[in-house]
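**Q**
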Amino acid sequence: KKDPSLVPYLLRMAVLKSTREIIGSAGFHDGPDENGMIEIGLEIVEAYREQGLAQELLTAMWDWVVHEPRVKTLRYTVSPENFPSQAIIRKFGFAYCGQQIDEEDGPEDIYEMSADTYRRLKAG
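Heads up, the sequence shown is in my numbering, so the first residue is 7 and it goes up one at a time.
Structure follows, in structure tokens:
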């Protein structure tokens with residue numbers, strides 16, 4: 007059973023305002039770990055991909071979470087074959103940190119950015 011204080015970090019739905027249709031979701035896999043790292047996951051409904059919605063959803067989630075005092079590092083993992091997602095994370099300026107093997111998804115590239123760096127980049 008999850009700690010209720012983790013609820014804000016978990017699943018959020020992306021809803022298209024004009025139709026109230028759910029077009030995606032995002033959420034952190036858990037709260038920040040002991041080092042302050044937090045990893046995000048997201049999904050956009052196929053019909054709505056490649057329209058900038060993933061970037062908008064990631065921005066909204068990260069803009070919120072970088073102001074949580076326990077969050078020190080943002081992490082994003084993605085399949086090496088997921089070229090659109092790879093392009094999105096590079097636009098944000100995340101650093102490539104290596105690769106891991108996920109039990110469900112197989113090989114994943116790991117990208118990270120400190121919360122401080124994210125806030126500085128957003129401030130311009």
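Glycine is no exception: its CB is placed at the ideal position from the N, C-alpha and C atoms. Remember, it's a predicted structure, so these values are computed and weren't measured experimentally.
Cα-Cα, which of M43, D69, V72, R55 is closest to F89?
**A** That would be R55, whose Cα lies nearest to the Cα of F89.
**Q** Tell me which residues share the same chain as A101 and place their Cβ nearer than 7 Å to its Cβ, disregarding the 5 neighbours each side in the sequence.
**A** Closer than 7 Å at the Cβ level, and outside the excluded window around A101, lie Y117, E118, M119.
**Q** With burial defined as no fewer than 16 other Cβ atoms inside 10 Å of the residue's Cβ, what is the status of H10: buried or exposed?
**A** The displayed chain sequence assigns Pro, not His, to residue 10. By the 10 Å Cβ count, P10 comes out exposed.
**Q** Under three-state DSSP, which class holds F100?
**A** Coil.
**Q** Taking 9 Å as the threshold (C-beta atoms), are K23 and Q61 in contact?
**A** For Q61 and K23, no; Cβs fall outside 9 Å.
**Q** Output the residue ranges of the alpha helix (DSSP H) runs that lie fully inside the region 49-109 and measure 4 residues or longer, sorted by chain position.
**A** Whole alpha helix (DSSP H) segments, 4+ residues: 59-71, 89-98.
**Q** Looking at I50 and A20, is the spacing between their C-beta atoms short of 9 Å?
**A** Yes, the Cβ-Cβ distance between A20 and I50 is below 9 Å.
**Q** In terms of alpha-carbon separation, which member of L63, I44, A93, A32 lies closest to E74?
**A** When each option's Cα is compared against that of E74, the closest is I44.
**Q** May I ask you to verify whether the region 120-127 touches the region 76-87, counting CB pairs closer than 8 Å and requiring at least 3?
**A** Cβ pair count under 8 Å is three or more, so yes.
**Q** How far does the beta strand (DSSP E) with L22 in it extend, from its first residue to its last?
**A** 18-22 is the extent of the beta strand (DSSP E) around L22.
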